[in-house]
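K.L.:
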Amino acid sequence: MLYLDDIKVEFESQGFRGTYLGISPEKDKTVLFFESNRSTKSVRCPNCGGSVYIYENGQVNLKDIPLWRGTSHTCNFFIHRYKCNCCQETFTEEIPFKYPGTRITYRAANWIKGFLQQKLSIKAIQELTGFHWDTIRKVQREIMDEAIWKRENDLKKEGYKPRILAVDEFAIHKGHSYATCVMDLEQGDILWVGKGRAMKDFEKFFEDIPSDSLSAVIAVVMDMNASYNKLVTKHLPKAQIVYDRFHMQSQFGRDVLGVVRLDEARKHKAKAKEILADIPEDADKETLKSLKQEAKAEKQEYSQLKKLRWSLLTNGEKLSERKTEHLQSILQDHHDLAVCYAMKEECADFMR
Ligand SMILES: [Zn+2]
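Start counting the sequence shown at 0; every next residue gets the next number (numbering that gives the first Met the number 0).
Here's what the structure looks like:
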């Protein structure tokens, strides 16, 4: 009877000889053993070009494509370590099957690339292949680098120069720090990403990108972050600065509407407190009741205003009838808030 682990392999490839296929007793792991059959005479010292001798043997394991589903397959290489006869430099024999910077074979890397091109997530690929997350990430990164390099080269050949840029910040590391990103709004390409969001961080963009490639820029879109416009005016004096509508609206909502609303709300809270503090000790039952009711009404106003944030920020046309009525009744009693709200609606209309 022939046992699977009795199968003999005999083949040669790229300086190595396949010698044996090992299969684990559970049949879930296979190992293909390779030995170096490179003649020492053909190897030269990379440092001085002198002749070398083998001073040690080593072993390297590379993950490979499984021989069958649900198992793992490794290629085990017995390799030579050489020492130079002249300069004593030591170095290790290279394995041509090894995908650079990883512990997998080229074949396995191509397998991963196939999945990545099908837009599978890293987690899904990890489950399918059993390879390490970092390995898959590394292959993915290389695909992206290659694509970016090709795109850059194509644009360079065309003599393309961006005309309309957009700069914005975004949160990284779960919001603990920020990065700044510059995009070409017409082509949708990301031109530059830098750590941080301060003025000095964005300044690096102008250091990194040659000014010649920015010579066609006519406009830069940004939020109202003061440091961006100062730098654009300094480095691209001919470019128009365009404030992003959504940023403006959200900033108005937060810094104007929001502040005025909380201010008005606080006034009611203070008023309620004042009423309660001023109740005379000898107040009769009737007066006491009416003052307490008055204070209660102020508190209600306070909590209504506190809850009004969403209705104030939503586009007026999208509010339900009930909500609109409620909002209008509150605005009637709060002049400042009503003015700000009208400005917000007008502003949105104007930019629509
Ligand atoms: Zn040498």
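Idealized CB from N, CA, C, for every residue including glycine.
1. Please work out which residues of its chain come closer than 7 Å, Cβ to Cβ, to Arg162, disregarding the five sequence neighbours upstream and downstream, and give them in chain order.
2. Taking any heavy atom of ligand 1 as the mark, which residues have a C-beta closer than 5 Å to it, listed down the chain?
3. Starting from Val249 and walking both ways along the alpha helix (DSSP H), at which residues does that stretch end?
4. Considering Val192, what are the terminal residues of the beta strand (DSSP E) in which it resides?
5. Out of Phe96, Lys160, Cys44 and Phe245, point me to the one whose CA is closest to Lys343's CA.
6. Alpha carbon to alpha carbon, how far is Gln327 from Ser319?
7. Buried or exposed: where does Val259 fall if 16 or more other Cβ atoms within 10 Å of its Cβ makes it buried?
8. Just verifying my parser: in three-state terms, what is the DSSP assignment at Tyr98?
9. May I have the straight-line CA-CA distance separating Ile189 from Gly49, to the nearest angstrom?
10. How should Met182 be labelled, buried or exposed, when 16 other C-beta atoms within 10 angstroms of its C-beta is the threshold for buried?
11. From the DSSP output, read off the bridge partner residues of Asp63.
12. For Met0, which residues in the same chain have their Cβ closer than 7 Å to its Cβ, ignoring the five residues on either side in sequence?
13. Taking Thr128 as the reference, which of Lys288, Lys26, Lys62 and Gln331 has the closest Cα?
14. In the stretch 259-321, which residue ranges form an unbroken alpha helix (DSSP H) of at least 4 residues, counting only runs that do not cross its ends?
15. Does the beta-carbon distance from Phe76 to Phe15 come in below 8 Å?
16. Pick helix, strand or coil for Cys83, following the three-state DSSP scheme.
17. Can the beta-carbon of Val42 be found closer than 8 Å to that of Asn84?
18. Can the beta-carbon of Ile53 be found closer than 8 Å to that of His72?
P.N.:
Taking the geometry as given:
1. Glu185, Ala215, Val216 and Ile217
2. Cys44, Asn46, Cys47, Gly49, Cys83, Cys85, Cys86 and Glu88
3. A quick correction: the sequence has Ser, not Val, at residue 249. Arg244 to Phe251 is the span of the alpha helix (DSSP H), which, as asked, contains Ser249.
4. Ile189 to Lys194
5. Phe245
6. 12 Å
7. buried
8. coil
9. 49 Å
10. buried
11. His72
12. Unreliable positioning characterises Met0 in this predicted model, as indicated by a pLDDT of 48, which lies under 50. The coordinate reading is nonetheless provided below. Nothing listed; no residue qualifies.
13. Lys62
14. 284-305 and 308-312
15. yes
16. strand
17. no
18. no
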